[in-house]
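In UniProt numbering, the protein residues as written are 1 to 184.
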């Protein structure tokens, strides 16, 4: 039962933090919606910050796995796999519950670069950049370590633009820019 309570807390907190923001959602709301008691919450997560970090770490792994799977499912040859990232993002941007990037949102809310939440969000972006560098290496790009941060910038820009415009079209635009960069 303890694992079940922990998972319910994580599921509820993740859903609410993503939809409404970390600061806007209080512990009492998470408890009410998860059906978990306060003692159980504090046994698993002594503070709200501990819960936030656990949510972010879990989401990091799940999101990066989703992206890998979505790119793999497209079956693109190695040279086109870096561009398949944007096709996957376009699909994600069209989801009814799309609210941007949980990690960009966290960086905005936890603006202090020394905060643990900011550090976890930053690490997520570094891992994304590493994944893009791997795709670029497999594609035979001449300088994947220099190109990967540029691709991450395009991913982040597409995410923010898709949220602002409420449209997946930003992924197509970012893909076009990436094609030009990769061809140069």
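Idealized CB from N, CA, C, for every residue including glycine.
All values reported here derive from a predicted model rather than from experimental measurement.
- In this chain, the alpha helix (DSSP H) harbouring residue 177 covers 169-183.
- Burial is judged here by how many other beta carbons sit within 10 angstroms of a residue's own beta carbon; residue 18 has at least 16 and is buried.
- With respect to the C-alpha of residue 69, the residue from 79, 87 and 57 having the closest C-alpha is 87.
- Residue 148 has its alpha-carbon roughly 21 Å from the corresponding atom of residue 92.
- Under the DSSP assignment, residue 160 falls in the alpha helix (DSSP H) whose first and last residues are 144-165.
- A Cβ-Cβ distance of about 6 Å is found for the pair residue 154 and residue 177, placing them in contact under the 8 Å criterion.
- Around the beta carbon of residue 184, a 10 Å sphere encloses fewer than 16 other beta carbons of the protein chains shown; the residue is thus reported as exposed.
- Separation of the CB atoms of residue 13 and residue 55 is rounded to 5 Å, and the pair is thereby assigned contact status at 8 Å.
- In terms of CA proximity to residue 50, 10 leads the group 10, 158, 61 and 21.
- Judged by beta-carbon spacing, residue 89 lies beyond the 8 Å limit of residue 141, meaning their Cβ atoms are not closer than that value.
- By the C-beta density criterion, residue 174 is buried, having at least 16 other C-beta atoms within 10 angstroms.
- Scanning the segment 63-106 for uninterrupted alpha helix (DSSP H) segments of 4 residues or longer gives 81-93, listed from N- to C-terminal end.
- Residue 61 carries a helical assignment under DSSP once its states are collapsed to helix, strand and coil.
- Nearest to residue 99 by alpha-carbon distance, out of 6, 29, 20 and 60, is 20.
- When 168, 119, 77 and 167 are compared, the shortest CA-CA separation from residue 136 is found for 77.
- Assigned with DSSP and collapsed to three states, residue 46 falls in coil, not helix or strand.
- Sixteen is the threshold: when 16 or more other Cβ atoms of the shown chains lie within 10 Å of the Cβ of residue 60, as they do, the residue is buried.
- Annotation: residue 112 to residue 121 spans about 12 Å, alpha carbon to alpha carbon.
- The continuous alpha helix (DSSP H) containing residue 34 extends over residues 27-34.
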